[in-house]
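Student: This structure is in structure tokens; I'll ask about it shortly.
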Amino acid sequence: MLVDTRATGTAAYSRGNSRYNKRAHLDISVGEADLKRRLRTSAGEKARHARARTLGAAPAFLAVFILAFAFASTAGPQTAPLHVKAAAEPSAPAKAYGSPNAPITMEVFSDYECPSCRNLFEQTLRPLIGSYVADGKVYLIHRDFPLPMHKYGYEAARWLNASARAGQFQAVEATLYDNQNTWAEDGNIAKFVSGAMSPEAFKRVETLMRGCTDPATAGQQGQGCVVDPYIELDRALGNKIPVQATPTFVITYKGQHLPAGSGFVSWPILKQFFDSLLGQ
Amino acid sequence: MSGHARGGLGRILLIVGRVVLGGIFIFAAYAKMKPQTGMPWTLGSVRTSLSMFAMGVDSYQMLPPAAVSPFAHALPIFELVLGIWLLTGIALRLSSLLSTLAVLMFFTAMFSAYERGLTISCGCFGPGEQIGPRRLVEEGVAFLPLALAVTIGAFLIRRKSRAVSSEARAPVQST
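Spelled out as structure tokens, the structure:
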């Protein structure tokens, strides 16, 4: 006779309390040896279920532990906004757009020879300057972070800082990015700088650039270039973040500076982020 | 070591593996959604964090601008659900398979960004972590094999337990 042992065993187990009752009931269909085996199996299954329950509880405990750890790590040290520190430097030229009283401050560490920095400026910062900066919502600060891998990056930063001292920052920044491909080939930056301002203003810039034209002295203090300390000041700020690549941007909202971001970001996405900040 | 003991050890390792993997996914979701320092836990501050994560997604330059924001808002929720799902152990084969595919997708995106010379934040566990050889090794040597091991383990143990249960169900000749 063929019997489904599992079904019979379960039925018998539920009916009787004593082991003998179960055995008597089952004896009709199966042998004693088989019954013993099934009883052992039943006890084994119970133990397995108990183990499974114990092990099943472990993930729940671990999940609670992970979440507790994660929440505990939320409270991090708060750093003062970078632009506040930079503003304390009295002789640094203004390399910024908009009002310093804007609720959001965006500091962009860039290299004028870096293609991603150019893309960020042309496609994202230009619309930002025309809208949120003009509306007083965002204060945009340029920070120099020329990379050693770029041949003329440091020299371009020197021209920009000299122009900023002469009050020509915005025009020169735009022309440097607009003509990046050209001057990055031959290093003739002066041609584009002179085209971006009046001859009188360019004369002032040239005067400031005396002693700065030698690329070999780039970044070396005390070599007679008056604008190098400004670049080094920005680089020192960047190293504190630390800036690992350009462009890197730091956004400060109502005195709290948010984690630095790097790389290109498109204007609609940046705008959405500013909107969420302003909606706080 | 007997086959039964090996099976028991395998189950324990699978539980540990899925708990660790689930924990990683939950932590990744939390790191993306948590409010920035100084901001309270509100819907607005979580939205700000997700918008910040969207900037990180955008910097990979792999998605069209219209897709960046929906993806950035959906991914942490997906990670959270997947992490909890892995912890419960329900339908483990499917959840582990999804986790392997997710880790593979992250690894591919990072490798692609690295190959294209993009020096951007990984965005894996919140902002700040730069993509580089170290990050790629971490993802490729630690997370991907872990997800793969859990997936393979889930399939193997399921197959084994099926074999055992079919043996138990086998009809017995009465005497």
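Residue numbers (our numbering), protein chains in the order written: chain V, 1 to 280; chain A, 281 to 455. Cβ atoms here follow ideal geometry from the backbone N, Cα and C, with glycine treated the same way.
1. State the Cα-Cα distance for the pair T424 (chain A) and F169 (chain V), rounded to the nearest angstrom.
2. Give a yes or no on whether the minimum CB-CB distance between L35 (chain V) and chain A is below 8 Å.
3. Go ahead and pull the three-state DSSP assignment for C404 (chain A).
4. Starting from the C-beta of P127 (chain V), find all residues in its chain whose C-beta is less than 7 Å away, skip the five residues before and the five after it, and write them out in chain order.
5. Distance check for P413 (chain A) and Y97 (chain V), CA to CA, integer angstroms please.
6. Quick one: measure Cβ to Cβ for E113 (chain V) and A156 (chain V), integer angstroms, because I've assumed they're closer than 8 Å.
7. Let's test the definition: count the other Cβ atoms within 10 Å of the Cβ of I370 (chain A) and tell me whether it reaches 16, buried, or not, exposed.
8. Measure the beta-carbon distance from P259 (chain V) to C117 (chain V) and round it to whole angstroms, keeping in mind my assumption that it falls under 8 Å.
9. Check the Cβ of L398 (chain A) against every Cβ in chain V and list those closer than 7 Å, keeping chain order.
10. If contacts are defined as beta-carbon pairs under 8 Å, then A427 (chain A) and T380 (chain A) qualify, I think. What distance do you get, rounded to the angstrom?
11. Since Y97 (chain V) sits in a beta bridge, which residues does DSSP pair it with?
12. Between Q282 (chain V) and chain A, is the shortest Cβ-Cβ distance under 8 Å, so that the two count as touching?
13. Should Q256 (chain V) be flagged as near chain A, meaning a C-beta pair shorter than 8 Å?
14. Is the Cβ-Cβ distance between S339 (chain A) and V265 (chain V) less than 8 Å?
15. Name the two residues that bound the continuous alpha helix (DSSP H) containing E173 (chain V).
16. Could you give the residue range of the beta strand (DSSP E) that holds I251 (chain V)?
17. Pull up the DSSP beta-bridge partners for H257 (chain V), would you.
18. Report the neighbours of P281 (chain V) on chain A: residues whose CB is nearer than 7 Å to its CB, in chain order.
19. Secondary structure at Q281 (chain V), three-state DSSP: helix, strand or coil?
20. Kindly list, in the order they appear in chain A, the residues whose Cβ is closer than 8 Å to that of F273 (chain V).
21. Quick one: list the residues of chain V neighbouring P345 (chain A), beta-carbon separation under 8 Å, in chain order.
22. On the CB-based measure, 16 or more other CB atoms within 10 Å of its CB, does W159 (chain V) come out buried or exposed?
23. Which same chain residues end up closer than 6 Å to A166 (chain V) when comparing Cβ atoms and leaving out the 5 residues on each side of it in sequence?
24. Residues of chain V with CB under 7 Å from L348 (chain A), in chain order?
25. For chain A, is any of its Cβ atoms less than 8 Å away from the one on A162 (chain V)?
26. Can you name the residues of chain V whose CB is closer than 8 Å to the CB of S325 (chain A)?
27. Consider the Cβ of G318 (chain A): report whether some Cβ of chain V lies at a distance smaller than 8 Å.
28. Between G224 (chain V) and the rest of its own chain, which residues show a CB-CB distance below 6 Å, the 5 nearest in sequence each way excluded?
29. To the nearest angstrom, how far is it from the Cα of L289 (chain A) to the Cα of L301 (chain A)?
30. Are the region 348-362 of chain A and the region 291-300 of chain A touching by the rule of at least three beta carbon pairs closer than 8 Å?
31. Terminal residues of the continuous alpha helix (DSSP H) containing E409 (chain A)?
32. With a cut-off of 8 Å on the beta carbons, I'd call Y230 (chain V) and G187 (chain V) a contact; round off their distance for me.
33. Please tell me whether, using a cut-off of 7 Å, the distance from the CB of E122 (chain V) to the nearest non-hydrogen atom of the ligand GTP is below it.
34. DSSP state of A390 (chain A), grouped into three classes?
35. Here's the rule: buried if 16 or more other CB atoms are within 10 angstroms of the residue's CB, otherwise exposed. What is M332 (chain A)?
36. Shorter than 8 Å from the beta carbon of S401 (chain A) to some beta carbon of chain V?
Tutor: In terms of the structure at hand:
1. Counting from one through the second sequence, the residue named residue 424 (chain A) turns up at place 144. Counting from one through the first sequence, the residue named residue 169 (chain V) turns up at place 169. According to the sequence provided, residue 424 (chain A) is Leu. The question's Thr does not apply to it. Taking C-alpha positions only, L424 (chain A) is separated from F169 (chain V) by approximately 48 Å.
2. The sequence position of residue 35 (chain V) within the first sequence is 35, counting from 1. Confidence in L35 (chain V) is poor, its pLDDT being 41 and thus under 50, which makes the residue's placement unreliable; the coordinate value appears in the next sentence. For L35 (chain V), the answer is no, since every Cβ of chain A falls outside 8 Å of its Cβ.
3. For the purposes of this step, residue 404 (chain A) is taken as residue 124 along the second sequence, with counting starting at 1. The answer is strand: DSSP assigns C404 (chain A) an E or B state.
4. Within the first sequence, the letter at position 127 stands for residue 127 (chain V). Scanning its chain for C-beta atoms nearer than 7 Å, with the 5 sequence neighbours on each side dropped, one finds around P127 (chain V) the residues W267, in chain order.
5. Working through the first sequence from its first residue, we reach residue 97 (chain V) at position 97. Working through the second sequence from its first residue, we reach residue 413 (chain A) at position 133. Cα to Cα, the separation comes out at about 37 Å.
6. Residue numbering aside, residue 113 (chain V) sits at position 113 when the first sequence is read from its first letter. Residue numbering aside, residue 156 (chain V) sits at position 156 when the first sequence is read from its first letter. So it is a contact: roughly 6 Å between Cβ atoms.
7. Here residue 370 (chain A) is taken as the residue at index 90 of the second sequence, counted from 1. Taking every protein chain shown into account, the CB of I370 (chain A) has fewer than 16 other CB atoms within 10 angstroms, so this residue is exposed.
8. Your numbering for residue 259 (chain V) matches position 259 in the first sequence. Your numbering for residue 117 (chain V) matches position 117 in the first sequence. Actually they are not in contact, since the Cβ atoms of P259 (chain V) and C117 (chain V) sit about 20 Å apart, beyond 8 Å.
9. Translated into the one-based positions of the second sequence, residue 398 (chain A) becomes position 118. Within 7 Å Cβ-Cβ: G263.
10. Working through the second sequence from its first residue, we reach residue 427 (chain A) at position 147. Working through the second sequence from its first residue, we reach residue 380 (chain A) at position 100. Confirmed, about 4 Å.
11. Numbered from its first residue, the first sequence carries residue 97 (chain V) at position 97. DSSP lists V:L140 as partners of Y97 (chain V).
12. Within the shown structure, residues of chain V are numbered from 1 to 280, placing residue 282 (chain V) beyond reach of any answer.
13. Taking the first residue of the first sequence as 1, we reach residue 256 (chain V) at position 256. With 8 Å as the cut-off, Q256 (chain V) counts as an interface residue toward chain A.
14. Numbered from 1 along the second sequence, position 59 holds the residue referred to as residue 339 (chain A). Numbered from 1 along the first sequence, position 265 holds the residue referred to as residue 265 (chain V). Yes, these two residues count as a Cβ contact at 8 Å.
15. Position 173 of the first sequence, counted from the first residue, corresponds to residue 173 (chain V). Unbroken alpha helix (DSSP H) run through E173 (chain V): 169-178.
16. One-based indexing of the first sequence puts residue 251 (chain V) at position 251. First-last of the beta strand (DSSP E) with I251 (chain V): 248-253.
17. As a position in the first sequence, residue 257 (chain V) is number 257, starting the count at 1. DSSP, once it has assigned bridges, lists V:T252 as partnering H257 (chain V).
18. For residue 281 (chain V) there is no data in the structure shown, the boundaries of chain V being 1 and 280.
19. Nothing about residue 281 (chain V) can be reported from this structure: the residues present for chain V run from 1 to 280 only.
20. In the first sequence, the residue the question calls residue 273 (chain V) occupies position 273. Against F273 (chain V), the close residues of chain A are T328, S331, M332, A334, M335, in the order they occur along the chain (beta-carbon pairs closer than 8 Å).
21. Here the question's residue 345 (chain A) lines up with position 65 in the second sequence. S266, P268, I269, listed in chain order.
22. Within the first sequence, the letter at position 159 stands for residue 159 (chain V). W159 (chain V) should be labelled buried.
23. Counted from its first residue, the first sequence places residue 166 (chain V) at position 166. Around A166 (chain V): A201, R204, V205.
24. Within the second sequence, residue 348 (chain A) is the residue found at index 68, counting from 1. This sequence places Val at residue 348 (chain A); Leu is not what is there. Under the 7 Å cutoff, chain V gives I269.
25. Translated into positions along the first sequence, residue 162 (chain V) becomes position 162. Judged by the 8 Å Cβ criterion, A162 (chain V) is not in contact with chain A.
26. As a working mapping, residue 325 (chain A) is identified with position 45 in the second sequence. Contact annotation for S325 (chain A) against chain V: Q280 [CB-CB distance below 8 Å, chain order].
27. For the purposes of this step, residue 318 (chain A) is identified with residue 38 of the second sequence, where counting begins at 1. Yes, contact with chain V.
28. Position 224 of the first sequence holds residue 224 (chain V). Sequence-distant partners of G224 (chain V) (beyond 5 residues in either direction) whose C-beta falls short of 6 Å from its own C-beta, in its chain, are G211.
29. Mapped onto the second sequence, residue 289 (chain A) falls at position 9. Mapped onto the second sequence, residue 301 (chain A) falls at position 21. Spanning the two alpha carbons is a distance of roughly 18 Å.
30. Verdict: no, contact absent.
31. Here residue 409 (chain A) is taken as the residue at index 129 of the second sequence, counted from 1. Per DSSP, E409 (chain A) belongs to no alpha helix (DSSP H) and is neither H nor E.
32. Within the first sequence, residue 230 (chain V) is the residue found at index 230, counting from 1. Within the first sequence, residue 187 (chain V) is the residue found at index 187, counting from 1. 21 Å between Cβ atoms; not a contact.
33. Judged by which ligands are present, the structure shown has none, so any question about the ligand GTP falls away.
34. Counted from its first residue, the second sequence places residue 390 (chain A) at position 110. Checking the sequence, you will find Met at residue 390 (chain A) rather than Ala. Helix.
35. The residue given as residue 332 (chain A) occupies position 52 in the second sequence. It is buried - the Cβ of M332 (chain A) has at least 16 other Cβ atoms within 10 Å.
36. The residue labelled residue 401 (chain A) in the question sits at position 121 within the second sequence. Interface residue, yes.
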